[in-house]
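Working notes for the structure below.
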Amino acid sequence: MLNHDEYKIVTVSQTSLVTFCSLLAISLPIGLFSLLLTIIALCFGLITNGIINGPLSLTIFYFMAFIIGLINLYYFLRIQFDKRLFDYLVTCNEQLTNTLIELDNALVTFHLIKSDQLPTRTITARQQGTLRLFKQQIIVLVIQIILLINAWVSSIIQVC
Numbered sequence: 632m633l634n635h636d637e638y639k640i641v642t643v644s645q646t647s648l649v650t651f652c653s654l655l656a657i658s659l660p661i662g663l664f665s666l667l668l669t670i671i672a673l674c675f676g677l678i679t680n681g682i683i684n685g686p687l688s689l690t691i692f693y694f695m696a697f698i699i700g701l702i703n704l705y706y707f708l709r710i711q712f713d714k715r716l717f718d719y720l721v722t723c724n725e726q727l728t729n730t731l732i733e734l735d736n737a738l739v740t741f742h743l744i745k746s747d748q749l750p751t752r753t754i755t756a757r758q759q760g761t762l763r764l765f766k767q768q769i770i771v772l773v774i775q776i777i778l779l780i781n782a783w784v785s786s787i788i789q790v791c
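All residue numbers for the sequence shown refer to this note's numbering, where the first residue is 632 and numbers rise by one.
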């Protein structure tokens with residue numbers, strides 16, 4: 632599996648981990664809102680394309696918003712998975728180094744990470760990676776909102 636000697640002693644406060652998990656909890660409403668927008672984009676796209684034979688540009692906006700919503704769903708699932716792992720790490724704060732080794736071994740066993748990929752990942756590196764996913768989720772949501780606003784403005788312009 633992984634070389635246990637490569638792990639450094641890691642100290643992080645339980646309050647810091649709980650705060651981080653609380654921040655990650657914000658991903659849930661963002662993911663649900665994006666899912667709602669994805670369903671709306673799909674419905675409007677089907678209505679625009681199928682029922683009223685709307686312009687192709689309008690259908691493309693809805694289709695892109697739908698695809699972006701699926702990407703956001705991926706980020707949402709990844710962040711929720713990481714949040715669950717960080718929730719577990721909160722309970723094992725006294726033995727964090729050993730828990731991180733066990734966690735990496737479990738992730739390698741389930742082929743979620745590659746064993747040669749890991750020299751050593753500290754808790755800080757893991758938090759930075761999850762924060763990067765969280766920021767990407769927010770960016771993708773903003774792109775989805777912009778696409779839907781463009782579609783709605785385009786449809787209003789078409790009607791007038």
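Heads up, the beta-carbon is just placed ideally off N, CA and C, and yes, glycines get one too.
Outcome for residue i when other beta-carbon atoms lying within 10 angstroms are tallied against a minimum of 16
i: LEU655; result: buried
i: GLY685; result: buried
i: SER786; result: buried
i: LYS766; result: exposed
i: ALA696; result: buried
i: VAL773; result: exposed
i: GLY681; result: exposed
Beta-carbon proximity list for residue i, same chain, < 6 Å, skipping 5 on both sides
i: GLY662; result: PHE707
i: ASP713; result: THR761
beta-carbon residue i near the ligand NAD non-hydrogen atom, thresh 6 Å
i: LEU654; result: Ligands in the displayed structure: none, and consequently the ligand NAD is not present.
Reference residue i; option with closest CA among the options
i: THR646; options: THR722, ARG763, ASP735 and ILE671; result: THR722
i: ILE671; options: TYR693, ARG757 and GLN711; result: TYR693
i: LEU701; options: LEU731, SER665 and ASN736; result: SER665
Rounded Cβ spacing between residue i and residue j (contact assumed at less than 8 Å)
i: LEU779; j: LEU689; result: Rounded, the Cβ-Cβ distance is 11 Å, inconsistent with contact.
i: SER658; j: GLN726; result: Rounded, the Cβ-Cβ distance is 27 Å, inconsistent with contact.
i: ILE732; j: LEU738; result: About 11 Å separates the two Cβ atoms, so there is no contact after all.
i: ILE699; j: VAL784; result: The pair is not a contact, with the Cβ atoms about 17 Å apart (cut-off 8 Å).
Contacting residues, own chain, Cβ-Cβ under 7 Å from residue i (five flanking each side not counted)
i: LEU673; result: PHE697
i: VAL790; result: none
Close-in-space but distant-in-sequence residues of the same chain around residue i (CB under 8 Å, 5 per side omitted)
i: ILE710; result: LEU655, SER658, GLY662, THR761, LEU764, PHE765 and GLN768
i: ILE640; result: Unreliable positioning characterises ILE640 in this predicted model, as indicated by a pLDDT of 48, which lies under 50. The coordinate reading is nonetheless provided below. So the list reads THR728, once near-sequence residues are dropped.
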